[in-house]
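K.L.:
First the structure, then my questions, so here it is.
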Amino acid sequence: MKAVSAEEAVALIPNGATVMVGGFMGVGTPERLLDELVRQRKSELTIISNDAAVPGQGVGKLFDAALVAALTASHIGLNPNVQKEMRPNKVAVHLVPQGTLVERIRAGGCGLGGVLTPTGVGTMVEEGKRRIELDGKSFLLETALRSDFALIHAFLADYLGNLTYALTARNFNPVMAMAADTVIVTAEHIVPVGVIAPDHVVTPAPLVDYLIANG
Amino acid sequence: MVNLGIGIPTLVANYVPPSLKVFFQSENGLIGTGPIPEQGMAHPLLTAAVGRPISAPPRACTIDSAMSVGVMRGGHVNVTVLGGLQVDAEAHLANWMIPGKMVPGMGGAMDLVSGAKRVIVAMQHAAKGKSKIVQKCALPLTSSRPVDLVVTEMAVIGFSGGKMTLQETAPGVTVAEVMAVTEADLFIPASVPEMKL
């Protein structure tokens, strides 16, 4: 793990990269990294995120600045900008059930090829997918998702990069921290090693590539 | 454990007596939600799914999204109450999009309907004069799994014996009035009791 500035970390992300962003309706999102993506005008991004948040907040900022080419998410209903851009196909939006999205990411992070889920059987979600019958039940084969970068927001990070999360800001963060080639983390507080007890570490330090230094 | 959808279903929490000791789940990762916090007590990292402040009283726990949807899809949620756009005679629910008009996305609704032990739809009986209780859903389905009960401001409708059945009417509402705004073939038993409020 390397401690860097937000500017240095975001400079590593090329235009056109696939980027997972933690957070749920902008809660638990690494806002400083999103602000820096906008400032450095990283464009044509493929974003994987639970939702599109709202304009001016979380990943919503990336849509405000028209930096997104494609979005995979479970919900975009509270961001009217994304709904508007989805129709003229300015942004390719792939809507995925929330449980399918998180399990596809989990599979990507754990070395699985995909998962079998009953969610979506017999609905629009099934289109183009393989249905597999097992023990009399129907499942869809949903493939694993990985990304070039994961942008994660933690509550506490220690000097080595062990992470813990707070309240409902946990959401997709620990799952995404497993599923990207490069993991970049912001934290509310950076604390000495040992402050987070072994039982309370949620994301182990070896998974973190870059921690954004405070200040 | 109970999961309430947004809109009308949220109101259900106001009518649950504390003696029932229900754990309400918020799909963004909280089990055992509390009321909206008092003035000045909100925390930016403690919110309901739509992002507004919520509280976490003792006994609450926070979980990540894999576990949060896992408890829904895995059959650990005893009851869910969801909003609806249409419910049809086969008990199928459509509640996540209107093609060409409104495409908010399904969020966790498809997982919830696929996995919750009991699915109750709470919605208005009709919208803009059009029945939402239809013979066959024209809107995209939320799940192929049938729902268990539909509650509207006019009626309670069940599906026992594979037939869409009028179980109760709201106070002051007649069976004929319910039928007049119900597009689906609705089975009317010999006696239909009035809802007890």
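Going down the list, the sequences are from chains A and B.
Quick note on numbering: the working numbering labels position 6 of the first sequence as 948, and the sequence is numbered without any gaps.
Quick note on numbering: the working numbering labels position 103 of the second sequence as 131, and the sequence is numbered without any gaps.
Backbone N, C-alpha and C fix where the C-beta goes; we use that ideal spot for every residue, glycine too.
#1: In chain B, which residues lie with their C-beta within 9 Å of the C-beta of E1131 (chain A)?
#2: Going by alpha carbons, who is nearest to A81 (chain B) out of B:R87, B:I64, B:M95 and B:H153?
#3: Please tell me whether Q163 (chain B) and V105 (chain B) are closer than 8 Å, where the distance is taken between their beta carbons.
#4: Go ahead and pull the three-state DSSP assignment for K129 (chain B).
#5: Taking 8 Å as the limit between beta carbons, can you name the residues of its chain near H1036 (chain A), skipping five residues before and five after?
#6: I'd like the ranges of any beta strand (DSSP E) spanning at least 3 consecutive residues and lying wholly in the segment 93–146 of chain B.
#7: Strictly by DSSP, which residues pair up with K944 (chain A)?
#8: Excluding sequence positions up to five away, which residues of its chain have a Cβ less than 8 Å from the Cβ of M138 (chain B)?
#9: If we ignore side chains and look at the alpha-carbon of each, how far apart do M207 (chain B) and A41 (chain B) end up?
#10: For the putative contact between G1002 (chain A) and N1113 (chain A), defined by C-beta atoms under 8 Å, what is the C-beta separation to the nearest angstrom?
#11: How would you label A166 (chain B), buried or exposed, when you count the other beta carbons within 10 angstroms and need 16 or more for buried?
#12: Does the Cβ-Cβ distance between L1153 (chain A) and V1117 (chain A) come in under 8 Å?
#13: Any idea which residues DSSP pairs M962 (chain A) with across the strands?
#14: Does DSSP classify D1077 (chain A) as helix, strand or coil?
#15: Going along chain B in order, which residues have a C-beta closer than 9 Å to the C-beta of G998 (chain A)?
#16: Would you check if the distance between the CB atom of N1115 (chain A) and the CB atom of A1147 (chain A) is smaller than 8 Å?
#17: Quick one: is T1085 (chain A) buried, meaning 16 or more other Cβ sit within 10 Å of its Cβ, or exposed?
#18: So R101 (chain B) contacts chain A; which residues on that side make the cut at Cβ distance below 8 Å?
#19: Tell me which residues of the segment 130–145 of chain B have at least one Cβ-Cβ distance to chain A shorter than 9 Å, keeping chain order.
#20: Kindly say whether R983 (chain A), judged by its beta-carbon, lies nearer than 8 Å to any beta-carbon of chain B.
#21: Counting only Cβ pairs nearer than 7 Å, list the residues of chain A close to H153 (chain B).
#22: Quick one: which chain B residues come within Cβ less than 8 Å of H1036 (chain A)?
#23: Between N1113 (chain A) and chain B, is any beta-carbon pair separated by less than 8 Å?
#24: If contact means a Cβ-Cβ distance below 9 Å, which residues of the segment 1091–1123 of chain A contact chain B?
#25: How about the segment 945–959 of chain A and the segment 978–990 of chain A: do they share at least three Cβ pairs that are nearer than 8 Å?
#26: What residues in its chain sit with their C-beta under 6 Å from that of C89 (chain B), if we drop five residues either side in the sequence?
#27: Can you tell me the Cα-Cα spacing of T75 (chain B) and L1009 (chain A), whole angstroms?
#28: Can you say whether V115 (chain B) is buried or exposed, counting buried as having 16 or more other CB atoms within 10 angstroms of its CB?
#29: Going along the chain, which residues of its own chain have a beta-carbon closer than 6 Å to the beta-carbon of L1043 (chain A), five neighbours each way excluded?
P.N.:
In short, the structure shows the following:
#1: Within the first sequence, numbered from 1, the residue matching residue 1131 (chain A) stands at position 189. Per the sequence shown, residue 1131 (chain A) should be read as His rather than Glu. Think of a sphere of 9 Å around the beta carbon of H1131 (chain A): no beta carbon from chain B falls inside it, the nearest being about 12 Å out.
#2: Locating residue 81 (chain B) in the second sequence gives position 53, counting from the first residue. The residue asked about is misnamed: residue 81 (chain B) is Pro in this sequence, not Ala. Considering only alpha carbons, the answer is B:I64.
#3: Locating residue 163 (chain B) in the second sequence gives position 135, counting from the first residue. Locating residue 105 (chain B) in the second sequence gives position 77, counting from the first residue. At the C-beta level, Q163 (chain B) and V105 (chain B) stay beyond 8 Å of one another.
#4: The residue given as residue 129 (chain B) occupies position 101 in the second sequence. Coil at K129 (chain B), not helix or strand.
#5: As a working mapping, residue 1036 (chain A) is identified with position 94 in the first sequence. Taken in chain order, the residues that qualify are A1012, L1013, T1014 and A1015.
#6: Those beta strand (DSSP E) runs which fall completely within the segment 93–146 of chain B and span 3+ residues are 107–110 and 114–116.
#7: In the first sequence, residue 944 (chain A) corresponds to position 2, counting from 1. Note: K944 (chain A) is bridge-paired with A:Y1152 in the DSSP secondary-structure output.
#8: Within the second sequence, the letter at position 110 stands for residue 138 (chain B). Only residues of its own chain outside the window of five on either side were considered, and among them W124, T170 and S171 have a CB closer than 8 Å to the CB of M138 (chain B), listed in chain order.
#9: Here the question's residue 207 (chain B) lines up with position 179 in the second sequence. Here the question's residue 41 (chain B) lines up with position 13 in the second sequence. M207 (chain B) and A41 (chain B) have their C-alpha atoms spaced approximately 29 Å apart.
#10: Here residue 1002 (chain A) corresponds to residue number 60 of the first sequence, with the count starting at 1. Here residue 1113 (chain A) corresponds to residue number 171 of the first sequence, with the count starting at 1. Wrong, their Cβ atoms sit about 16 Å apart, outside the cutoff.
#11: Translated into the one-based positions of the second sequence, residue 166 (chain B) becomes position 138. Its Cβ having fewer than 16 others within 10 Å, A166 (chain B) is exposed.
#12: As a first step, residue 1153 (chain A) must be located in the first sequence, where it is residue number 211. As a first step, residue 1117 (chain A) must be located in the first sequence, where it is residue number 175. For L1153 (chain A) and V1117 (chain A), no; Cβs fall outside 8 Å.
#13: Stepping through the first sequence from its first residue, residue 962 (chain A) is reached at position 20. Beta-bridge pairing links M962 (chain A) to A:I990 and A:A1092.
#14: Residue 1077 (chain A) sits at position 135 when you count from the first residue of the first sequence. D1077 (chain A) sits in coil when the DSSP states are folded into three classes, being neither helix nor strand.
#15: Working through the first sequence from its first residue, we reach residue 998 (chain A) at position 56. Within chain B, no residue comes near G998 (chain A); the closest Cβ sits about 12 Å away, beyond 9 Å.
#16: On the first sequence, position 173 is the one that residue 1115 (chain A) refers to. On the first sequence, position 205 is the one that residue 1147 (chain A) refers to. For N1115 (chain A) and A1147 (chain A), no; Cβs fall outside 8 Å.
#17: The residue labelled residue 1085 (chain A) in the question sits at position 143 within the first sequence. Result: exposed.
#18: Translated into positions along the second sequence, residue 101 (chain B) becomes position 73. Chain-ordered, the chain A residues with CB closer than 8 Å to the CB of R101 (chain B) read G1041, T1059, P1060 and T1061.
#19: If the cut-off is 9 Å between Cβ atoms, the segment 130–145 of chain B has M130, V131, P132, G133, M134, G135, G136, A137, M138, D139, L140, V141, S142 and G143 near chain A.
#20: If you number the first sequence from 1, residue 983 (chain A) lands on position 41. For R983 (chain A), the answer is no, since every Cβ of chain B falls outside 8 Å of its Cβ.
#21: Here residue 153 (chain B) refers to the residue found at position 125 of the second sequence. Under the 7 Å cutoff, chain A gives no residues; its nearest Cβ is about 24 Å from H153 (chain B).
#22: If you number the first sequence from 1, residue 1036 (chain A) lands on position 94. Near H1036 (chain A) there are no residues of chain B at all, since even the closest Cβ is about 10 Å away, more than 8 Å.
#23: Counting from one through the first sequence, the residue named residue 1113 (chain A) turns up at place 171. For N1113 (chain A), the closest Cβ of chain B is nearer than 8 Å.
#24: For the segment 1091–1123 of chain A, the beta-carbon criterion of a distance under 9 Å to any beta-carbon of chain B is satisfied by F1097, Y1107, A1108, L1109, T1110, A1111, R1112, N1113, F1114, N1115, P1116 and V1117.
#25: Output reads yes: the segment 978–990 of chain A touches the segment 945–959 of chain A.
#26: Mapped onto the second sequence, residue 89 (chain B) falls at position 61. If we look at C89 (chain B) and ignore the five residues flanking it on each side, its Cβ neighbours are I59.
#27: Indexing the second sequence from 1 puts residue 75 (chain B) at position 47. Indexing the first sequence from 1 puts residue 1009 (chain A) at position 67. Roughly 28 Å separates the two Cα atoms.
#28: Translated into positions along the second sequence, residue 115 (chain B) becomes position 87. With 16 or more other Cβ atoms within 10 Å, it is buried.
#29: Within the first sequence, residue 1043 (chain A) is the residue found at index 101, counting from 1. Excluding sequence neighbours, L1043 (chain A) sits near S1016.
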